[in-house]
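Single-structure report; data block below.
There are 2 protein chains.
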Amino acid sequence: MLSTPMTENRTESPIPALHSSSVEAGWQRQGKLWSNLKELCDVLRIPSAAVHTDEELLFQHVQFKTGQRIHTIGQPFDTLYIVHSGFLKTVLIDEFGNEQVLSFPMKGDLFGVDGIHTKRYASEAVALSNCDLILLPFKKLTALGRAHPEFEHAMYSVMSRELVREQAMVSMLGALSAEARVARFLVNLSERYADMGYSSKLFNLRMTRHEIGSYLGLTLETVSRTLSAFNEIGLITVDQRSIGIKDLDALKTLRRLPPSSTRAKQSGAKKAKAAASKEPDQPDGEWDSLATA
Amino acid sequence: MLSTPMTENRTESPIPALHSSSVEAGWQRQGKLWSNLKELCDVLRIPSAAVHTDEELLFQHVQFKTGQRIHTIGQPFDTLYIVHSGFLKTVLIDEFGNEQVLSFPMKGDLFGVDGIHTKRYASEAVALSNCDLILLPFKKLTALGRAHPEFEHAMYSVMSRELVREQAMVSMLGALSAEARVARFLVNLSERYADMGYSSKLFNLRMTRHEIGSYLGLTLETVSRTLSAFNEIGLITVDQRSIGIKDLDALKTLRRLPPSSTRAKQSGAKKAKAAASKEPDQPDGEWDSLATA
DNA sequence: CGGGTCTTTGATTAGGTTCAATAAGAGTGG
DNA sequence: CCACTCTTATTGAACCTAATCAAAGACCCG
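Line by line, the protein sequences give chains A and B. The first sequence: position 100 = 100 (the working numbering), numbered continuously. Heads up: take any position in the second sequence, counting from 1, add 1000, and you land on the working numbering.
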């Protein structure tokens, strides 16, 4: 009853998958339960050039429904996960039960890496929407790395990418103002949506203000207030989970306030007020469930 | 002239090493210019069991003097570094020239990993003391990984360790109060010193308050004030760069203040005042230069 | 000893949190 | 289908932590 209302989510699913039963159960829709190496590389956005397309290896998929937990902290580690579709969050739980959001994995992201070191997952992953994940058993990965040097390099590369991302987070949390953090968050989201082929101008947030706040090191109130402020200025439109990007450049340049100088901000910017509430493109919805690729 | 007085440090050394010249120059002291695979594993604190001790492979060492830059942001990546002795900092430079400290690598730490992804270092590494580093060419690493499966696993493990560390940083920056951050910083340092065989109770900081502040997402004034406060309460003794740990448990349990409750703190704790200024054990000094192993 | 860097400490300000109340959705079950 | 409940979101007001501005002392190096 503290400040962690997520408790419900966490108890509702007593660790489902990893039991082939739950995998081979229903979920025949889309009939895409296995991927080959090439598809794997494609999803990860790494060159699959030198990969022998005649490779026999196949990688199993697993589906999770909104709210389900993919893995828990302390659970024995043996496989990495690659998001094929859907949205998740990874969190750390501190000694008081408070959760700290670490990332919001989406298509093409790899997670579970933190389990390699201690042989146990260091974080918890939860589905924020219905998800389709590709299982990548660590044993298989290392074996594969030995057979395909390019793939090995690619895996190192992906892990490096994760590290750089974390560094950027640290940098952001350590130096940017609340407004700048929220602005960057929106810009990053927008770019990710663009990468995935969705609209970068209009999309739905899959996470709560509380989760965004945790991720950005802010309170949910501050996030809400900041979004409202951006809305007032005409940088975005906000309606609950629906976000419309109106002035991407302003959001991008809205850096820190701290440096005392440069405090002129982009104040006189747009005052469009943006009364627009509906636009022709609606990229997602809760319908992203198992529809991608 | 902004808030980055480190400029001096950064201009004094126009990228020295990586030119075998500067390596094979003087520095014959200790005569430890190469390490074999076993030594490498030992330093990294990973099992070297299955490693053939008759392995021919040798890894070159390089020495850097205080203030020298090991690599810069954007510089082409080709090698990883393992700290054999000495202290460093890795930093990110933002668009305004401000630096954000990401880590303080010391014995056994690996850095340069962020360069794998984009083929260029994403951060900058600077020696905070004279250092002895082991060069680990990335090409060599991958080749080695193929020949020695255990080593490959170990490398993934080390990278995973780095990621977990970053996650912990994010968590700290996102949720802990200034006091809690400084306390944890001291505890971590203390433990690292213990690991390295130094005293965990009395040691010298190798970084400035400014660097600590950057690392912890605080200003140098706050760091200074917090250290003074800890001193007042008797948790530590502070004299410039010299820190004496007086109540490790209190520092460890000094978590967050935020949760409103649990605000009792460990107030009535020790009021020893600690007038002690000199103790029998003095672990380091600027003399750590090339004396370890 | 002098210039520069680093550290400490104080006074003041401000950005963000906390507490609190209301509103808007989403889900449940009669 | 609507009442009821629970979660999520918005907004306001007061408070407080840490940043900012400022000044003086300590240390280092040439």
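All C-beta atoms, glycine included, are put in the ideal place defined by N, C-alpha and C.
A Cβ-Cβ separation of about 17 Å leaves G1217(B) out of contact with L1254(B) under the 8 Å criterion. Taking a contact as a CB-CB distance under 8 Å, the pair L1088(B) and C1131(B) counts as one, their CB atoms being some 6 Å apart. Using a CB distance below 9 Å, no part of the stretch 64–78 of chain A faces chain B. Under the rule that a run must span 3 or more residues, the beta strand (DSSP E) segments found entirely inside the stretch 1171–1258 of chain B read 1202–1204, 1236–1239 and 1242–1245.
In this structure, the alpha-carbon of R1241(B) lies about 14 Å from that of T1226(B). Within the same chain, Cβ atoms closer than 6 Å to the Cβ of P1137(B) are found at T1079, the five residues on either side in sequence being excluded.
Chain B has a Cβ within less than 8 Å of the Cβ of S160(A). DSSP places T1118(B) inside the alpha helix (DSSP H), whose first and last residues are G1115 to T1118. Contact annotation: V1158(B) and L1110(B) have beta-carbon atoms nearer than 8 Å.
Relative to H1084(B), the option among Q1060(B), G1097(B) and S1103(B) whose CA is nearest is Q1060(B). In this structure E1191(B) is exposed. Its beta-carbon is surrounded by fewer than 16 other beta-carbon atoms within 10 angstroms.
If you draw a 10 Å sphere on the C-beta of P1076(B), you find fewer than 16 other C-beta atoms in it, and that means exposed.
Under the 8 Å Cβ criterion, the stretch 1142–1162 of chain B counts as touching the stretch 114–131 of chain A, having at least three qualifying pairs.
Assigned with DSSP and collapsed to three states, T142(A) falls in helix.
Nearest C-alpha to L186(A) among E166(A), Y215(A), L57(A) and G197(A): Y215(A).
In the DSSP annotation of this structure, the continuous segment of the beta strand (DSSP E) that includes K89(A) starts and ends at L88 to I93. Residue contact with chain B for S214(A): present (Cβ-Cβ distance below 8 Å to some residue of chain B). D42(A): member of the alpha helix (DSSP H) spanning L37 to L44, first to last residue. In the three-state scheme derived from DSSP, where H, G and I count as helix and E and B as strand, P1105(B) is classed as coil.
Between the alpha carbons of G1234(B) and I134(A) lies a gap of roughly 53 Å. Interface flag for V1043(B) against chain A is unset, since no Cβ pair is found closer than 8 Å. At a cut-off of 8 Å, the C-beta of M207(A) has no neighbouring C-beta in chain B. G213(A) is classed as buried because its beta carbon has at least 16 other beta carbons within 10 Å across all chains shown.
Ranked by Cα distance from R1069(B), the first of C1041(B), L1044(B) and E1124(B) is E1124(B). Collapsing the DSSP output to three states places P47(A) in coil. Annotated three-state conformation of F77(A) is coil, per DSSP. Distance from the CA atom of L128(A) to the CA atom of K32(A), rounded to whole angstroms, is 21 Å.
A1183(B) is not a Cβ neighbour of T1222(B), given a cutoff of 8 Å. Interface residue (Cβ-Cβ distance to chain A less than 8 Å): Y1121(B) is not classified as such. Per DSSP, H71(A) is one residue of the beta strand (DSSP E) stretching across R69 to H71. Separation of the CB atoms of L1220(B) and R1206(B) is rounded to 15 Å, and the pair is thereby denied contact status at 8 Å.
T1142(B) sits close to E152(A), with the two beta carbons spaced by under 8 Å. Bounds of the beta strand (DSSP E) holding L133(A) are C131 to P137. If you compare the alpha carbons of E1095(B), N1098(B) and T1090(B) with that of G1112(B), the shortest gap goes to T1090(B). For F1096(B), there is no enclosing beta strand (DSSP E), as DSSP marks it with neither H nor E.
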